[in-house]
Structures are given as C-alpha cells and as structure tokens.
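Enquirer:
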Amino acid sequence: MPFNLDEFVASPSVEELDSLKKSETVKVAKHYGTEFQPLMRKDEIKRYVLEHLVDESILPSTVLETAITVPTDNTFELKRLEMEINKEVRLKEMEREREREEREMQMQKEKEERELQMQREKEE
1 MPFNLDEFVA SPSVEELDSL KKSETVKVAK HYGTEFQPLM RKDEIKRYVL
51 EHLVDESILP STVLETAITV PTDNTFELKR LEMEINKEVR LKEMERERER
101 EEREMQMQKE KEERELQMQR EKEE
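Residue numbers (UniProt numbering): 1 to 124.
Below, the structure written as structure tokens:
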C-alpha cells in the first residue's frame with residue numbers, strides 16, 4: 001500500500017514510521033518542520049521525528065525509550081567494529097614497518113660484509 005502523508009498525520013504511529021522508506025520518512029520530517037540533514041540515515045531522521053511528536057504530545061514519551069534504544073545499540077556495535085578494524089590496520093602497519101626495518105638491517109649487514117671483504121682483498 002503506498003504511503004499517504006495525510007493518513008500518517010491523522011494517525012501517527014511508531015509502527016508506521018518504522019515501515020517507511022527513507023524518502024517517506026523525509027516527507028514526514030518536512031511536514032512537521034523537523035530539522036535534519038539530507039545525508040542522515042533513516043533511523044536518525046526517524047528519531048528526530050519521534051522526538052518532535054513526543055514534544056508536541058502527539059505520541060507518548062515511552063515511544064522514545066523503545067525506539068531510540070535500538071539505534072543506540074547499533075551505534076555502539078558499529079563503533080566497536082570500527083575500533084577493531086583500526087586496531088587491525090595499526091597492527092598491519094607495525095608489521096610492515098618491522099619487516100622494512102629488518103630488510104634495511106639485512107641490506108646494511110650485507111653492505112658491511114662486502115666492504116670488509118673488499119678491504120681484505122686490498123690488504124692481500
């Protein structure tokens with residue numbers, strides 16, 4: 001069933017807001033004059049719409065407790081994963097640096113051995 005803004009405004013609900021596409025959620029946010037950035041994720045825009053509906057006493061404040069908890073949990077999980085990836089990247093960088101230093105040390109050792117060999121040959 002296609003989204004009808006007038007029907008939503010007449011009888012708003014968290015369930016219907018959850019079922020909307022991002023473009024439809026944007027229409028709802030614009031209708032209520034909710035400030036948001038177009039690049040925001042749908043969940044973030046939805047949260048602003050819900051906060052507005054609660055502030056205007058259109059929906060009870062309890063909807064915020066349940067509706068906002070889930071994205072917050074996702075945010076923490078995303079942050080944890082981001083930190084884990086950053087750690088892995090740092091470890092790989094450290095490993096590459098260690099390998100580079102080992103190669104440089106090996107090259108320096110070989111150079112010194114060649115120089116020593118050349119010096120011995122000159123002395124003979």
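Note that the Cβ used here is the ideal one computed from N, Cα and C, for glycine as well.
Does the region 76 to 92 come close enough to the region 48 to 68 to have 3 or more Cβ pairs within less than 8 Å?
Expert: Short answer: they don't touch.
Enquirer: Since Thr25 is in the alpha helix (DSSP H), which residue starts that stretch and which ends it?
Expert: Run containing Thr25: 22 to 31, per the alpha helix (DSSP H) assignment.
Enquirer: Reducing DSSP to helix, strand and coil, say where Ile85 ends up.
Expert: Reduced to three states, the DSSP call for Ile85 is helix.
Enquirer: Could you tell me which of Asn4, Met118, Leu17 sits nearest to Val63, measuring between CA atoms?
Expert: Considering only alpha carbons, the answer is Leu17.
Enquirer: Tell me whether Leu81 counts as near the ligand ADP, meaning its Cβ is closer than 6 Å to at least one heavy atom of that ligand.
Expert: Inclusion of the ligand ADP in the displayed structure is not the case, the ligand content being empty and no account of it being possible.
Enquirer: Are the beta-carbon atoms belonging to Ala29 and Val14 less than 7 Å from one another?
Expert: No, Cβ-Cβ distance for Ala29 and Val14 is not below 7 Å.
Enquirer: Which two residues bound the contiguous alpha helix (DSSP H) that contains Ile45?
Expert: First-last of the alpha helix (DSSP H) with Ile45: 42 to 55.
Enquirer: Which of helix, strand or coil does DSSP assign to Pro12?
Expert: If DSSP states are grouped into helix, strand and coil, Pro12 belongs with coil.
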